[in-house]
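Colleague: In the numbering used here, the protein residues as written are 93 to 394.
Just so you know, even glycine gets a beta-carbon here, dropped at the ideal spot from N, CA and C.
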Amino acid sequence: ELIKNAGGLHEFMGWHKPILTDSGGFQVMSLSGLRKITPEGVSFQSHIDGSYHMFTPEKVIEIQNAIGSDIMMSFDECPPYPATKEYVADSLKTTLDWARRGREAHKNTEKQALFGIVQGGIHEDLREESARKLMEMDFPGYSIGGLAVGENKSDMYRITNFLHDVLPKDKPRYLMGVGTPGDILQNIENGVDMFDCVMPTRNARKGTVFTRHGKLIIKAARYKEDLSPIDADCQCYTCRNFSRAYIRHLFNVDEFLGMRLATIHSLHFYLEIVTLAREAILEDRYNEFKNGFGAKLDTRIE
93 ELIKNAGGLH
103 EFMGWHKPIL
113 TDSGGFQVMS
123 LSGLRKITPE
133 GVSFQSHIDG
143 SYHMFTPEKV
153 IEIQNAIGSD
163 IMMSFDECPP
173 YPATKEYVAD
183 SLKTTLDWAR
193 RGREAHKNTE
203 KQALFGIVQG
213 GIHEDLREES
223 ARKLMEMDFP
233 GYSIGGLAVG
243 ENKSDMYRIT
253 NFLHDVLPKD
263 KPRYLMGVGT
273 PGDILQNIEN
283 GVDMFDCVMP
293 TRNARKGTVF
303 TRHGKLIIKA
313 ARYKEDLSPI
323 DADCQCYTCR
333 NFSRAYIRHL
343 FNVDEFLGMR
353 LATIHSLHFY
363 LEIVTLAREA
373 ILEDRYNEFK
383 NGFGAKLDTR
393 IE
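(1) So, at 7 Å on beta carbons, what are the nonlocal neighbours of N200 in its own chain, with the 5 sequence-adjacent residues on each side left out?
(2) Could you check the C-alpha separation between T252 and S222 for me, to the nearest Å?
(3) Any contact of the segment 187-207 with the segment 228-243, i.e. 3+ C-beta pairs under 8 Å?
(4) Cutting at 7 Å between CB atoms, please list the residues of its own chain near F385, excluding the five before and the five after it.
(5) Please classify S358: does DSSP put it in a helix, a strand, or coil?
(6) Assuming I310 contacts I339 (C-beta within less than 8 Å), just tell me the rounded distance between them.
(7) So is H139 buried or exposed if we call it buried at 16+ other beta carbons inside 10 Å?
(8) Determine, using beta carbons only, whether V284 and R265 come nearer to each other than 9 Å.
(9) For the segment 147-166 against the segment 126-138, do three or more pairs of beta-carbon atoms, one drawn from each stretch, fall closer than 8 Å, so that the two count as touching?
(10) Is it buried or exposed, R294, if we count other Cβ atoms within 10 angstroms and call 16 or more buried?
(11) Compute the beta-carbon to beta-carbon distance between G117 and E196, rounded to the nearest angstrom, for a pair I have assumed lies under 8 Å.
(12) Can you list the beta strand (DSSP E) stretches of 3 or more residues lying completely in the segment 192-233, in chain order?
(13) As an exercise, report each continuous alpha helix (DSSP H) stretch of at least 4 residues that is fully enclosed by the segment 137-182, in chain order.
(14) Apart from the five residues on each side of it in sequence, which residues of its chain come closer than 6 Å, Cβ to Cβ, to D390?
(15) Let's see if you can read the secondary structure: which residues bound the alpha helix (DSSP H) around R265?
(16) At which residue ranges does the segment 281-309 contain complete beta strand (DSSP E) runs of 3 or more residues, listed in the order of the chain?
(17) Using DSSP with H/G/I as helix, E/B as strand and the rest coil, what is T186?
(18) Report the CB separation of S51 from S115 in whole angstroms; it is logged as a contact under 8 Å.
(19) When DSSP labels each residue in this structure, what does T113 get in the three-state scheme?
(20) Can you give me the C-alpha to C-alpha distance between R250 and A98, rounded to a whole angstrom?
(21) I need the straight-line Cα distance from R192 to S143, nearest angstrom please.
(22) With a cut-off of 8 Å on the beta carbons, I'd call K382 and L277 a contact; round off their distance for me.
(23) So what does R127 bridge to, in DSSP terms?
(24) Please work out which residues of its chain come closer than 7 Å, Cβ to Cβ, to I214, disregarding the five sequence neighbours upstream and downstream, and give them in chain order.
(25) Tell me where the alpha helix (DSSP H) around I339 begins and ends.
(26) Taking the beta carbon of D346 as the centre, do at least 16 other beta carbons fall within 10 Å, making it buried, or is it exposed?
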């Protein structure tokens with residue numbers, strides 16, 4: 093209510109660029125000890141104050157309509173990994189029903205795009221069933237959920253590659269919760285257009301930053317007297333102004349500025365990756381770019 097009265101998320105945050113919001117499906121999985129799933133929705137207990145709440149597909153859409161995000165997600169059940177195929181199939185039935193109900197409840201279709209979420213675990217037949225039934229509902233975009241939850245990377249890549257030929261080519265595809273720089277480049281090759289992930293910020297807060305030469309553990313003793321930037325080829329604020337030695341010092345004395353500087357670099361680097369990837373696609377040299385620039389991204393700098 094507060095955000096709605098403030099004019100929506102864009103005004104409340106002072107952020108006048110696109111905003112994507114999730115529906116809470118991943119939290120339904122990750123907070124399994126605090127919730128109960130029924131065909132109607134999910135009842136859960138707040139981990140903050142112990143209060144009880146009920147989320148339905150309609151309620152989730154109502155909230156996202158109120159806060160005014162540009163791209164919003166259908167309510168889904170994200171099955172855990174590992175899970176039996178029978179469980180994943182039952183979960184998929186729930187997700188598809190919730191997608192239908194959310195689609196019917198969505199009001200602001202001119203200004204807010206509602207994406208359907210493809211589930212089905214690592215099972216290609218369930219993924220295809222999910223995708224095709226969502227396509228019948230004619231969403232403006234499609235999310236790929238339920239990956240990067242513990243399965244092997246080979247399974248993740250197999251599923252995104254499989255969906256490449258199933259999902260419509262004229263609508264955006266969004267891979268949820270992925271991933272490392274290498275994951276992003278591989279999944280771009282597999283036809284994915286959009287990504288989100290906490291990795292660049294979470295890892296940065298813990299002292300691991302990504303560079304074009306691999307992952308750098310900034311708290312390592314070897315950087316105590318290293319006056320070079322995190323990445324000499326990077327033009328972010330951090331790399332233009334501060335050394336590895338200084339940022340290492342900030343982390344070692346628990347100064348929050350260290351986390352901020354590392355986060356600024358990692359976010360800039362992720363944006364640089366996708367900018368370069370887009371340029372390579374337009375110039376018809378993506379494989380060359382991926383195999384060259386992307387070769388060391390997920391390795392650790394020793």
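Modeller: In short:
(1) N157
(2) 13 Å
(3) The segment 187-207, when compared against the segment 228-243, does touch it at the 8 Å Cβ threshold.
(4) R304 and L368
(5) helix
(6) 5 Å
(7) exposed
(8) yes
(9) Contact holds: three or more Cβ-Cβ distances are below 8 Å.
(10) exposed
(11) Between E196 and G117 the Cβ distance is about 18 Å, and since that is not below 8 Å, they are no contact.
(12) 205-210
(13) 149-159
(14) T272 and G274
(15) Element bounds for R265: not the alpha helix (DSSP H) but the beta strand (DSSP E), R265 to L267.
(16) 300-303 and 306-309
(17) For T186, the three-state secondary structure derived from DSSP is helix.
(18) Within the shown structure, residues of the chain are numbered from 93 to 394, placing residue 51 beyond reach of any answer.
(19) strand
(20) 44 Å
(21) R192 and S143: Cα-Cα distance of roughly 29 Å.
(22) 5 Å
(23) The bridge partners DSSP lists for R127 are F136.
(24) E243, D247 and I251
(25) R336 to N344
(26) exposed
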